[in-house]
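S.K.: Residue numbers (the working numbering): 1 to 249.
Before I ask anything, here is the structure I am working with.
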Ligand code: ZN
C-alpha cells in the first residue's frame, strides 16, 4: 500500500496540481492523506478543496482552516495571515465551509496518526526542537505521526530515550518507530526551497518483518509560482504573501 501525505496547501492550486501530477507519476494508486491548513495565505481555496474532494483525500483541520471557520481567534496571527483568513472567509462557498468544518482535529489511521501541529496541541504546537519532539514521541498514540504546521520538512525519531533529527536525503528511507514525520508544505514552503513538498509512505515492501513500517520519501516539486502570485495579487491579498513564495520563506 502506498500513501501520499500532503500538508499546508494553503489555497495554492498550482502547487497542489503539480504535487498531484508527481504523485500520479510515482505512485498512481496511492491513497491521499492531508494534515491540514488547506486554506489561507493564497487565493484559490474553493479550487483546492474541490481537487481534494475529487481525490477523496482524508485528513485533519489546521489552524488556518479553523480560523476561517471562526473557530480560532486570529488575534495572534500576523497581519498578512489575518488578512488572508478574512478574505478566505468571505470567498469560501458554504458547501466547502461545511466540508472543512467536518474535518477532525486528530485522526488515527491504523499505524499512523494525522494531526496538524502535535497530539497534545493539534492546532497550535510547532514541533521545532528536540525537547518538543521527545515529549511528543513519548506520547504518540501510534508508531508514526504525520504532521505539518512549521512548513519545514523534518524527521524526528526516538533513540535511546532521546529524540534525534534524521537527515532527509530525498531517497526512500526506512520508517522508524516511533517517529514524527513533518511532510513540509505544498503551498508555502519555508525551508529556503521554493518547491512544493510531500511525502510518499510506501508500505508495499514491508516483507515478512513483523512491525515493519516500510519507507518514507520526501519529494520536492517545482510549480508555476508566478501563476499563484498573480492570483494573490488579483485578490488584493498582501504583496508579502506573493513575494514569500519566490523566497521559500
Ligand atoms: Zn500552515
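From the three backbone atoms N, C-alpha and C, an ideal C-beta is built for every residue, glycine too.
Compute every distance between the C-beta of residue 10 and the non-hydrogen atoms of the ligand ZN, then say whether any falls below 7 Å.
M.R.: The count along the chain shown starts at 1 and reaches residue 10 at position 10. Yes; taking the cut-off as 7 Å, the Cβ of residue 10 has a heavy atom of the ligand ZN nearer than that.
S.K.: Taking the alpha-carbon of residue 7 as reference, which of 240, 200, 166 has the nearest alpha-carbon?
M.R.: Mapped onto the chain shown, residue 7 falls at position 7. Answer by Cα proximity: 200.
S.K.: Write down every uninterrupted run of the alpha helix (DSSP H) in the region 41 to 105 whose length is 4 residues or greater and which is fully enclosed by it, in chain order.
M.R.: DSSP runs (the alpha helix (DSSP H)) wholly in the region 41 to 105: 45 to 54, 63 to 68, 79 to 91, 94 to 101.
S.K.: Leaving out the 5 sequence neighbours to the left and right, which residues in its chain are closer than 6 Å to residue 145 when beta-carbon positions are compared?
M.R.: Taking the first residue of the chain shown as position 1, residue 145 is located at position 145. The residues are 113, 180.
S.K.: What are the complete alpha helix (DSSP H) segments, minimum 4 residues, inside the region 109 to 162?
M.R.: For the region 109 to 162, whole alpha helix (DSSP H) runs of length 4 or above, ordered along the chain, are 130 to 138.
S.K.: Classify residue 160: buried if its beta carbon has 16 or more other beta carbons within 10 angstroms, exposed otherwise.
M.R.: Taking the chain shown and counting its residues from 1, the one referred to as residue 160 is at position 160. Burial call: exposed.
S.K.: Looking at C-beta atoms only, is the number of pairs between the region 224 to 235 and the region 36 to 51 that lie closer than 8 Å three or more?
M.R.: Counting Cβ pairs under 8 Å, three or more are found: they touch.
S.K.: Check whether the Cβ of residue 149 sits closer than 7 Å to any heavy atom of the ligand ZN, and report yes or no.
M.R.: Position 149 of the chain shown, counted from the start, is the residue given in the question as residue 149. Checking the Cβ of residue 149 against the ligand ZN gives yes.
S.K.: I'd like the span of the alpha helix (DSSP H) that includes residue 215, first residue to last.
M.R.: The count along the chain shown starts at 1 and reaches residue 215 at position 215. Note, residue 215: premise wrong, no alpha helix (DSSP H); beta strand (DSSP E) at 215 to 221.
S.K.: Please list the terminal residues of the continuous alpha helix (DSSP H) segment that includes residue 18.
M.R.: To locate residue 18, count along the chain shown from 1; it is residue 18. It spans 13 to 26 - the alpha helix (DSSP H) in which residue 18 sits, taken as one unbroken run.
S.K.: Does the beta carbon of residue 34 fall short of 7 Å from some heavy atom of the ligand ZN?
M.R.: Here residue 34 is taken as the residue at index 34 of the chain shown, counted from 1. False, no ligand heavy atom lies under 7 Å from that Cβ.
S.K.: How big is the Cα-Cα spacing for residue 67 and residue 152?
M.R.: As a working mapping, residue 67 is identified with position 67 in the chain shown. As a working mapping, residue 152 is identified with position 152 in the chain shown. Computed Cα separation, rounded: 21 Å.
S.K.: Under a Cβ-count criterion, where at least 16 other Cβ atoms within 10 Å of its own Cβ denotes burial, should residue 208 be classed as buried or exposed?
M.R.: On the chain shown, residue 208 is found 208 positions in, with the first residue counted as 1. Because the pLDDT at residue 208 is just 48, under 50, the model does not fix this residue reliably, and the value given afterwards should be weighed accordingly. Exposed, by the Cβ-count rule.
S.K.: Have a look at residue 56 and residue 92 and give me their C-alpha separation to the nearest angstrom.
M.R.: Along the chain shown, one-based indexing puts residue 56 at 56. Along the chain shown, one-based indexing puts residue 92 at 92. For residue 56 and residue 92, the distance between alpha carbons rounds to 19 Å.
S.K.: Measuring from the CB of residue 64, is there a heavy atom of the ligand ZN at a distance below 7 Å?
M.R.: Within the chain shown, the letter at position 64 stands for residue 64. Result yes, Cβ under 7 Å from the ligand ZN.
S.K.: For residue 1, does the count of other Cβ atoms within 10 angstroms reach 16, so buried, or fall short, so exposed?
M.R.: Taking the first residue of the chain shown as position 1, residue 1 is located at position 1. Exposed, by the Cβ-count rule.
S.K.: Give me the Cα-Cα distance between residue 17 and residue 60, rounded to the nearest whole angstrom.
M.R.: As a first step, residue 17 must be located in the chain shown, where it is residue number 17. As a first step, residue 60 must be located in the chain shown, where it is residue number 60. Taking the straight line joining both Cα atoms gives about 20 Å.
S.K.: By a C-beta neighbour count over all protein chains shown, 10 Å radius and 16 as the cutoff for buried, is residue 243 buried or exposed?
M.R.: Locating residue 243 in the chain shown gives position 243, counting from the first residue. So residue 243 ends up on the exposed side.
S.K.: Between the Cα of residue 158 and those of 134, 140, 128, spot the shortest distance and give me the residue it belongs to.
M.R.: Mapped onto the chain shown, residue 158 falls at position 158. For the residues 134, 140, 128, the minimum Cα distance to residue 158 belongs to 134.
S.K.: Could you check where the alpha helix (DSSP H) with residue 230 kicks off and where it finishes?
M.R.: Numbered from its first residue, the chain shown carries residue 230 at position 230. Unbroken alpha helix (DSSP H) run through residue 230: 225 to 234.
S.K.: Report the partner residues of residue 165 according to the DSSP bridge assignment.
M.R.: Locating residue 165 in the chain shown gives position 165, counting from the first residue. In the DSSP output, where bridge partners are listed per residue, residue 165 has 156.
S.K.: Count the other C-beta atoms from every protein chain shown that fall within 10 angstroms of the C-beta of residue 165, then say buried if there are 16 or more, exposed otherwise.
M.R.: Your numbering for residue 165 matches position 165 in the chain shown. So residue 165 ends up on the exposed side.
S.K.: Between which two residues does the beta strand (DSSP E) harbouring residue 212 extend?
M.R.: By one-based count along the chain shown, residue 212 stands at place 212. Here residue 212 belongs to no beta strand (DSSP E), and DSSP marks it neither H nor E.
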